[in-house]
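Asker: For the protein sequence lines, the chains are A and B, in the order given.
Numbering-wise, the first sequence is residues 0 to 456 according to numbering that gives the first Met the number 0.
Numbering-wise, the second sequence is residues 0 to 178 according to numbering that gives the first Met the number 0.
Below is a structure I'd like to ask you about.
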Amino acid sequence: MYKLTKNIKILSFSLMILGLVGLAYGFYTAPHSIEESKAIVASYSHGDHGSDHDLDSGHKDDSHNSDNAIASDHSEEYNKLDHQSDEHSVSHDEHVYHQLSNRPWSALYVAALFFFLISLGTLAFYAIQRASQAGWSPILFRVMEGITGYLLPGSIIILIFLILSTMHLNHLFIWMDPEVVNHDEIIKAKSGYLDSQFFIGRAIFYILGWNLYRFFSRKFSIAQDQSNDVSNHKKNFKISAGFLAFFIVTESMMSWDWIMSVDPHWFSTLFGWYVFASMFVSGITMIAMITIYLKSQGYLSGANHNHLHDLAKYMFGVSIFWAYLWFSQFMLIWYANIPEEVTYFITRMEDYALPFWGMLVTNLIFPFLLLMNSDYKRINWFIVTAGVVILMGHYIDFYNMIMPSTVGDQWYIGIPEIGGIMFFGGLFIYVVFNTLSKVPLEPSGDPLFKESEKFVY
Amino acid sequence: MAEKTLHAVYDDDDKLLDAVKKIKAAKYEIEEVYTPFPVHGLEKAMGLSDTRIAITSFIYGCIGFCFSIWMMNYIMILDWPQNIGGKPSFSYLENMPAFVPIMFELTVFFAAHLMVITFYLRSKLWPFKKAENPIPETTDDKFLIEIKFDGSEKELKKLINKTDVLEVKVHINKKSSHE
């Protein structure tokens with residue numbers, strides 16, 4: 000039985016407090032009027048802009064006005080392009096103001112989404128193990144259940160955030176603004192689906208479905224420990240198979256709703272898969288890292304390098320799968336070069352060059368080279384190194400999905416972003432380890448447990 | 000060269016694996032094992048060293064990757080630039096996304112084919128080669144362990160008979176063998 004240690008408690012609570020401070024700072028320093036926003040932009044270009052800001056794209060000069068307007072999806076600019084430059088400059092200031100005031104919200108949203116999706120990716124992995132009756136993994140079921148423990152708090156946070164968005168507390172989803180929709184034929188045509196109430200209804204539907212599966216699967220899993228037949232195991236198999244069918248549809252729709260719709264003009268048919276690959280690899284990485292941590296603390300003695308080898312193979316394989324989907328999405332849009340599609344990548348390549356290309360290194364090339372050798376997949380510090388880089392890379396991946404549409408070129412990985420990661424990271428650590436401490440770490444009643452213990456690669 | 004060769008035939012891979020472990024434990028040198036299909040865990044039981052074919056495969060993959068870059072640069076940029084979909088046809092880098100599938104395919108092609116050829120060469124397999132398996136049934140449903148030894152076969156036969164063996168034969172090797 001794992002006991003929640005003091006160190007974990009101190010770590011998670013200090014992360015949460017520091018993160019809250021960071022987020023609060025972000026909200027405090029965000030401009031509350033156009034004048035403030037202008038002052039902030041001016042201070043950028045006169046202040047320390049000359050010094051090396053690697054993460055800063057350096058596109059903050061006003062000479063990029065027209066580029067920004069074209070690249071952005073904000074239709075106000077879109078329609079006013081051919082107006083006088085004075086008027087244009089005013090609308091640009093307003094645009095930058097919206098972007099700057101979006102920044103703390105986006106920082107919070109990306110971090111909340113990232114940790115929630117780690118949990119959801121793990122839930123999908125867990126359901127696959129259950130539905131396929133995998134023999135190698137039951138020894139890790141409690142670790143997976145621990146990570147999916149974050150599903151409920153994580154999804155409630157996301158739901159509250161989305162409800163706040165529909166109440167116009169932020170402007171992440173511009174299609175929620177009736178003013179924008181009125182001037183935009185493309186969004187108008189989609190308003191049947193992109194409707195605030197329908198949107199929240201769908202979110203509740205997905206979240207309810209996922210959490211119900213997680214609740215019952217956990218219940219059967221614990222009940223199986225004490226029972227002397229396999230009825231709980233069989234029930235778990237059935238609901239897992241059902242969940243997977245439900246999941247693959249709702250996951251895809253979730254990715255359109257929560258991520259793709261921040262860019263309501265743009266669409267990609269494989270976006271759901273792409274998001275799935277990202278959350279799946281992050282989830283598997285998290286399972287491997289928590290397993291290694293628990294082993295280093297003397298728990299989970301049955302799990303050995305054979306199980307880690309399999310997890311590392313998944314990390315390696317799904318990283319390649321992610322890159323395959325990334326490239327499939329990129330190449331078709333690049334080749335076809337249709338204006339409303341290609342703006343998505345132009346914004347990212349011009350304003351987000353470092354995170355956009357950098358994530359290919361962290362998410363594909365680094366894990367590919369590090370985990371290619373079979374022996375390295377069994378060495379803890381190789382897995383942990385690859386894992387840390389993969390997790391960072393996939394945070395950047397979600398960052399790249401949300402930020403270009405919400406804050407445009409006014410991005411920076413600074414206090415609000417890091418605060419967001421720290422707050423949700425701390426909450427995640429606390430919830431996960433708290434869930435782990437609730438029941439025995441080894442599901443000894445599982446009919447496949449013996450097989451898992453003896454598993455040799 | 001050893002005087003005698005013993006052939007022990009089995010009809011099941013688990014029985015074979017068990018026998019190999021027992022023979023190894025008694026410190027006999029197993030010359031070769033013939034099986035109709037790859038038996039999982041056999042190489043570990045026989046104490047064979049790890050294959051290095053993965054390393055060659057990686058090297059071949061790198062060669063294929065470089066070759067594809069050179070090839071596409073020669074075909075599409077240097078020799079005969081073509082305007083496809085209005086993409087800039089005089090710059091390799093700006094055309095690169097279109098070449099990625101080719102780079103991927105040639106990397107896999109080189110790695111796979113050259114690895115198989117290396118495997119054939121290393122295992123001394125080539126067309127019209129005479130089969131080395133002592134009995135043809137090892138390509139059907141029988142498993143055979145070959146042990147070379149000197150002196151009396153009594154001890155060894157006793158050990159083999161303790162395993163779930165189908166048939167044991169001892170051959171006396173010809174002195175004039177070209178081996």
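Think of the CB as a built atom: it goes at the ideal place given N, C-alpha and C, for glycine as much as any other residue.
Keep in mind it's a predicted model, so treat the numbers as computed, not measured.
(1) From A1(B) to V99(B), what does the alpha carbon distance come to, in whole angstroms?
(2) From S105(A) to C61(B), what does the alpha carbon distance come to, in whole angstroms?
(3) With DSSP run on the structure shown, which of helix, strand or coil describes E178(A)?
(4) By the DSSP assignment, the beta strand (DSSP E) with V438(A) in it spans what residues?
(5) Quick one: give me the first and last residue of the alpha helix (DSSP H) that E145(B) is part of.
(6) Let me know the secondary structure DSSP gives H91(A) once reduced to three states.
(7) Could you pull out every residue in the same chain whose Cβ sits closer than 6 angstroms to the Cβ of F432(A), ignoring the five residues on either side in sequence?
(8) Please say whether L363(A) and A311(A) have beta carbons closer to each other than 7 angstroms?
(9) Can you list, in chain order, the residues of its chain with a C-beta nearer than 7 angstroms to that of A97(B)? Leave out the 5 residues immediately preceding and following it.
(10) Which residues in chain B sit within 7 angstroms of F326(A), going by Cβ to Cβ distance?
(11) Counting only beta-carbon atoms, is M348(A) nearer than 7 angstroms to chain B?
(12) Is the Cβ of E178(B) closer than 7 angstroms to any Cβ of chain A?
(13) Of all Cβ atoms in chain A, is any one closer than 7 angstroms to the Cβ of P96(B)?
(14) Give the interface partners of G84(B) over in chain A, defined as CB-CB distance under 9 angstroms, in chain order.
(15) Is the shortest distance between the beta-carbon of M0(A) and the beta-carbons of chain B less than 7 angstroms?
(16) Measure the C-alpha to C-alpha separation of H304(A) and L370(A) and round it to an integer number of angstroms.
(17) Assess, as a yes-or-no matter, whether the stretch 398-409 of chain A is touched by the stretch 332-342 of chain A under the definition of 3 or more beta carbon pairs within less than 8 angstroms.
(18) So which residues on chain B does F329(A) lean against when the C-beta distance must stay under 8 angstroms?
(19) Which residues in the same chain have their Cβ closer than 8 angstroms to the Cβ of Q225(A), if we skip the five residues on either side of it in sequence?
(20) Taking the DSSP output, what are the residues bridged to L5(B)?
(21) Hey, H264(A) and I185(A) are a contact pair by Cβ (cut 8 angstroms); roughly how many whole angstroms apart?
(22) Within a Cβ cutoff of 6 angstroms, which residues of the same chain sit near K147(B), ignoring the five residues on either side of it in sequence?
(23) What does a CB cutoff of less than 6 angstroms around Y125(A) pick up in its chain, not counting 5 residues either side in sequence?
(24) Taking its Cβ as the centre, do 16 or more other Cβ atoms sit within 10 Å of D140(B), making it buried, or is it exposed?
(25) What do you reckon, are the CB atoms on R213(A) and L112(A) nearer than 7 angstroms?
(26) Just verifying my parser: in three-state terms, what is the DSSP assignment at V164(B)?
(27) How long is the line joining the alpha carbons of S277(A) and H393(A), rounded to whole angstroms?
(28) Give me the residue from L426(A), P446(A), I159(A), V455(A) with the minimum Cα distance to S11(A).
(29) So which of I291(A), I283(A), S436(A), S13(A) has the shortest CA-CA distance to F422(A)?
(30) Quick check on this structure: which residue in Y149(A), V109(A), H232(A), L119(A) has the alpha carbon closest to the alpha carbon of S131(A)?
(31) Could you tell me whether the stretch 202-216 of chain A touches the stretch 174-185 of chain A, using the rule of 3 or more Cβ pairs below 8 angstroms?
(32) Are the beta-carbon atoms of L165(B) and A25(B) separated by less than 7 angstroms?
(33) Specify the secondary structure class of E30(B) as computed by DSSP and reduced to three states.
Answerer: Once the coordinates are examined:
(1) Approximately 56 angstroms between the Cα atoms of the pair.
(2) 41 angstroms
(3) In the structure shown, E178(A) sits in a helix (DSSP, three-state: H, G or I).
(4) Careful: V438(A) lies outside any beta strand (DSSP E) and carries neither H nor E.
(5) Where E145(B) is concerned, there is no enclosing alpha helix (DSSP H), although the beta strand (DSSP E) around it starts and stops at 142-148.
(6) helix
(7) L3, I7
(8) Contact flag unset, no.
(9) K86
(10) V99
(11) no
(12) Note that E178(B) scores 46 on pLDDT, short of 50, meaning its location in the model is unreliable and no value can be drawn from it.
(13) yes
(14) Going along chain A in sequence order, the residues near G84(B) (Cβ under 9 angstroms) are Y334, A335, N336.
(15) no
(16) 14 angstroms
(17) no
(18) Counting only Cβ-Cβ distances below 8 angstroms, F329(A) has contacts in chain B at P96, in chain order.
(19) G444
(20) L5(B) has I146(B), V169(B) as its beta-bridge partners, per DSSP.
(21) Taking 8 angstroms as the upper bound for CB-CB distance, H264(A) and I185(A) are in contact here, some 5 angstroms apart.
(22) Cβ contact annotation for K147(B) (same chain, cutoff 6 angstroms, sequence separation greater than five): A1, T4, E30, in chain order.
(23) Counting only Cβ-Cβ distances below 6 angstroms, and skipping sequence neighbours, we find M143.
(24) exposed
(25) no
(26) Per DSSP, reduced to three states, the secondary structure at V164(B) is coil, with no helix or strand assignment.
(27) 6 angstroms
(28) L426(A)
(29) Nearest of I291(A), I283(A), S436(A), S13(A) to F422(A), Cα basis: S13(A).
(30) H232(A)
(31) no
(32) no
(33) It is a strand residue.
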